[in-house]
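Protein chains in written order, with this note's numbering: chain A, 1 to 418; chain B, 1001 to 1418. Using N, Cα and C, we set each Cβ at its ideal position, and we do this for glycine too.
2 protein chains.
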Amino acid sequence: MAEESQKWVLMVTAQTPTNIAVIKYWGKRDENLILAINDSISVTLDPAHLCTTTTVAVSPAFNQDRMWLNGKEISLSGGRYQNCLREIRARANDVEDEKRGIKIVKKDWENLHVHIASYNNFPTAAGLASSAAGFACLVYSLAKLMNVQEDNGKLSAIARQGSGSACRSLYGGFVKWVMGKEENGSDSVAVQLVDEKHWDELVIIIAVVSSRQMKQVAPQMLETVETSALIDTGKGSSTKRISYEEAIQNRDFPTFAQLTCADSNQFHAVCMDTSPPIFYMNDTSHRVIGCVEKWNRSEGTPQVAYTSDAGPNAVLIARNRKAATLMLQRLLFHFPPNSDTDLNSYVIGDKSILKDAGIQDIKDVEALPPPPEIKDKVPAQKYKGEISYFICTRPGRGPVLLTDDSHALLNPETGLPK
Amino acid sequence: MAEESQKWVLMVTAQTPTNIAVIKYWGKRDENLILAINDSISVTLDPAHLCTTTTVAVSPAFNQDRMWLNGKEISLSGGRYQNCLREIRARANDVEDEKRGIKIVKKDWENLHVHIASYNNFPTAAGLASSAAGFACLVYSLAKLMNVQEDNGKLSAIARQGSGSACRSLYGGFVKWVMGKEENGSDSVAVQLVDEKHWDELVIIIAVVSSRQMKQVAPQMLETVETSALIDTGKGSSTKRISYEEAIQNRDFPTFAQLTCADSNQFHAVCMDTSPPIFYMNDTSHRVIGCVEKWNRSEGTPQVAYTSDAGPNAVLIARNRKAATLMLQRLLFHFPPNSDTDLNSYVIGDKSILKDAGIQDIKDVEALPPPPEIKDKVPAQKYKGEISYFICTRPGRGPVLLTDDSHALLNPETGLPK
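The following block contains the structure:
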């Protein structure tokens, strides 16, 4: 091990995507290890629009593990952080940087401390699965720093102990979190179903719902398993999962859409059937779903699938660019921005969809005609200000190392945030 | 039969209560006969606050069946009206008014026409089960006019063909609609579990939610039975029903409250699990439920049960007057009236609850302190204008004949609305 007087800092920076469950994870069979009661499936989102970047550093000069999230120091004392740090350290190997004359041997890692700086390129509290991307990135970057040899599947079982859905952010494309059977959770891992290129016509629009609602005190989902009479942890699910995976393999959008929407609705139904009931969706979520359902029915075949996680945001998956364009026109018609909102900050991510929709500025939004599927008798309703913003994105890749030092969030000299 | 030249009009006026399902009716096994897929239980509401009054008249001078609802003529051509009229006519008997020299023999009823005038003492479209009270009153008053000998249980099977829940308005107190097994629906009838005096401490507060929401196109509940994967038409329900009926018999409020709330939440969960999903409750409904849940939990034992039907209104059943008073204070704190609303029209029905709560005018509402169960850290939230009004009521009696002519809605000379 290098002398303590040596002031070297060794760093690794990685970027990890977030993911959206299309087949939900309904609850835990083990609260500490975070073992699910069912298999779940997610789509990884393009890190260009939604990702976490994490820099991890090690130095003999560090005297404790420290972490900064979005520039603010946070405590690592929670069990979930400790589980991840312990599991990664246990798998650390020798690391050598010949050029700089740094050599860390396996057993040194027990005594070396790390600094972690993490940054989300999207609002942390907006219900956009920041903890999934965050824990995946923490585990992935630490594994690279410590020369852990385990593949991403094995790493996913560690990330899972930070945040259940984090395990699915270790891969791009469509990813399945296999619930597993082992008591220690070793087989509760993520596997990639298809990569991000397999079904690249899909376009994803996230409607981030304005948070002026009463906060629900969300009980642990574990409570759901115990109190919902409707939840069914086994029956029928295996057949459903198989046809769902086939739909992804075959790019069969109607089946994919039907099962995605049904799973989301069923998840929220079960949440409502707990004691006390949990209402994650609000009126705005219901209106977005109503708008999608109406259009899908008028087209005779699904154009857009919808899903909502543990919050009011609606994630819409359009079958292709054309459908995404037509969906965005409908969304902007019903949910125009507040008059003081810049369109440029109202539709973010892949702005080319906005361009395809023929919308350049707020006047174009105001000029949008009511969708033809709205009956003439019913006056078209508008809900200004109910949506904070829309994110246009697509299926994306898994974690990557960022080798360009300019991406590092820690100072290479001090190991402190830049 | 009296000569056609005779201008007599024979009339009957009856009053029938509305009812609120505490164990919901989840769908139909026969759409035309309205046969349910499960037993349901309701509490009849005090007709002083919510009821339908119906006058039915017969005269040889009438040349067609006609009906007026709340003063406006409506068509009787619908199948549901026709079913009720046909079934009642088929059971008609001789009627004689010796004083007035009127005699109608059984077979005359086939050729005699009726006039029907019906009036609800509450807003018809406010989701307060006006069709239940309405069809019950139609059937009950026609049965009296035509000297039908069948008891209220048999009449309930006729009212059921007008509106499923109408069968439960043929009795006061707690009433069970037995789903029955017969294909013709003859055993799908209402039975009284206990009368309105059995559990007379209960106080019922109905929060009528302002209707500024997007209208849901509500599919027939029959669709639910076909498309919900969560619905379970048999399993476990018989045991649940038995303990529920015992709770009513024993005035066991904690069990009653727990099962009432669970049934309502489960009903709405199943509605959400249909394709397309049905969202009957809105954010206001969720907030009212949240307020009740929070208080119940802080008290350690349920003070108030809640239930919602196919709409956003919340029906709260308080264990006694004290609990109702404390509940009303909480409701008025969170949901104060709009500044231009008169308190007198904001809390209607049994206003003595308002008096017990120490509230005389709007200033008393404004002076209400936050409920103690609200944590100091969370600023107490207010939702002005989200509730249209509150109705305070109690369990009430079944149908009655109104013999005082001043209650009649038809002119005794002409048989036309007064």
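Check: Whole-Å CB distance - asparagine 32(A) paired with methionine 179(A), under 8 Å assumed; Outcome: Wrong, their Cβ atoms sit about 16 Å apart, outside the cutoff.
Check: CA-to-CA distance, alanine 357(A) to leucine 326(A), given in whole angstroms; Outcome: 7 Å
Check: Proximity to glycine 164(A) [Cα-Cα], best of Val315(A), Cys84(A), Arg321(A), Asp195(A); Outcome: Cys84(A)
Check: Exposure of serine 1075(B), with buried meaning 16 or more beta-carbon neighbours within 10 Å; Outcome: exposed
Check: Simplified DSSP state of alanine 380(A), which is helix, strand or coil; Outcome: coil
Check: 8 Å CB neighbourhood of lysine 1382(B) in its chain, flanking five on each side removed; Outcome: Phe1333, His1334, Phe1335, Pro1336
Check: Cα-Cα separation, glycine 134(A) to asparagine 1296(B); Outcome: 37 Å
Check: Near-chain E residues of the segment 1256-1283 of chain B (beta-carbon distance less than 7 Å), N- to C-terminal order; Outcome: The chain labelled as chain E is not found among the protein chains of the depicted structure, namely A and B.
Check: Per-residue DSSP class, three states only, for leucine 368(A); Outcome: coil
Check: Cβ neighbours of glycine 1385(B) in the same chain (closer than 8 Å, five flanking residues each side left out); Outcome: Ser1210, Pro1337, Asn1338
Check: CA nearest to the CA of alanine 1021(B), picked from Leu1142(B), His1268(B), Val1175(B), Pro1412(B); Outcome: Val1175(B)
Check: Contact check, valine 9(A) vs leucine 145(A), beta carbons under 8 Å; Outcome: no
Check: The segment 1313-1328 of chain B touching the segment 1296-1305 of chain B, judged by at least three CB pairs closer than 8 Å; Outcome: yes
Check: C-beta neighbour in chain B for leucine 230(A), strict 8 Å; Outcome: yes
Check: Start and end residues, beta strand (DSSP E) containing aspartate 97(A); Outcome: 95-97
Check: Proximity below 8 Å, CB of asparagine 1120(B) to CB of threonine 1052(B); Outcome: yes
Check: Residues near arginine 429(A) in its chain [Cβ-Cβ closer than 6 Å; skip 5 each side]; Outcome: In the structure as shown, chain A begins at 1 and stops at 418. Residue 429(A) is therefore absent and cannot be evaluated.
Check: Interface positions of the segment 1281-1305 of chain B facing chain A (Cβ-Cβ less than 7 Å), listed along the chain; Outcome: Asn1282, Asp1283, His1286, Arg1287, Ile1289, Gly1290, Glu1293
Check: Test item: CB-CB of threonine 1227(B) and threonine 1274(B) under 8 Å; Outcome: yes
Check: Close-in-space but distant-in-sequence residues of the same chain around proline 123(A) (CB under 6 Å, 5 per side omitted); Outcome: none
Check: Contact the segment 1095-1114 of chain B vs the segment 1049-1066 of chain B: 3+ CB pairs below 8 Å; Outcome: yes
Check: Same chain only: Cβ atoms within 8 Å of arginine 419(A), ignoring 5 sequence neighbours per side; Outcome: The question about residue 419(A) has no answer here: the residues shown for chain A are numbered 1 through 418.
Check: Range covered by the beta strand (DSSP E) that runs through phenylalanine 1279(B); Outcome: No beta strand (DSSP E) holds phenylalanine 1279(B); DSSP gives it neither H nor E.
Check: C-alpha gap between tryptophan 26(A) and valine 400(A), whole angstroms; Outcome: 29 Å
Check: Beta-carbon proximity of isoleucine 1231(B) to valine 1270(B), cut-off 8 Å; Outcome: yes
Check: Length at least 3, wholly inside the segment 1035-1111 of chain B: the beta strand (DSSP E) runs in chain order; Outcome: 1040-1044, 1051-1059, 1066-1069, 1072-1074, 1095-1097, 1102-1104
Check: Cα-Cα separation between valine 1191(B) and glycine 1290(B), rounded to whole angstroms; Outcome: 33 Å
Check: Helix, strand or coil at histidine 286(A) [DSSP, three-state]; Outcome: helix
Check: Range of the contiguous alpha helix (DSSP H) that encloses isoleucine 1353(B); Outcome: 1352-1356
Check: Chain-order list of residues whose beta-carbon lies under 7 Å from that of isoleucine 1088(B) (same chain, five-residue window excluded); Outcome: Val1139, Leu1142, Ala1143, Met1146, Val1148, Ile1158
Check: From Ile374(A), Asp340(A), Lys322(A), residue whose alpha carbon lies closest to that of lysine 355(A); Outcome: Lys322(A)
Check: Residue environment, glutamate 196(A), which counts as buried when at least 16 other CB atoms sit within 10 Å; Outcome: buried
Check: Alpha carbon of aspartate 1342(B) to alpha carbon of glycine 1396(B), nearest angstrom; Outcome: 27 Å
Check: Neighbour-count burial assignment, threonine 1044(B), 16 or more Cβ in a 10 Å radius; Outcome: buried
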